[in-house]
């Protein structure tokens, strides 16, 4: 995020329960909250798209 933080919003998504559980375990192993990991992955996807 920039120096001036963006307003945070809550979203709902629908994904398979098993996938979510696996992702939570992954986030735990990375010592990162699920929301922070999702933000990171979105930023990486957008960065790759610009290349």
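Residue numbers (this note's numbering): 2 to 52.
Where a beta carbon is used, it is the ideal one built from N, C-alpha and C, also for glycine.
Rounded straight-line distance, which links the Cα of residue j to that of residue i
{"i": "residue 15", "j": "residue 32", "result": "24 Å"}
{"i": "residue 19", "j": "residue 37", "result": "20 Å"}
{"i": "residue 47", "j": "residue 39", "result": "12 Å"}
{"i": "residue 24", "j": "residue 51", "result": "26 Å"}
Residue interval of the alpha helix (DSSP H) (run including residue i)
{"i": "residue 22", "result": "18-30"}
{"i": "residue 40", "result": "35-51"}
Nearest to residue i (by Cα), restricted to the options the options
{"i": "residue 11", "options": "27, 17 and 35", "result": "35"}
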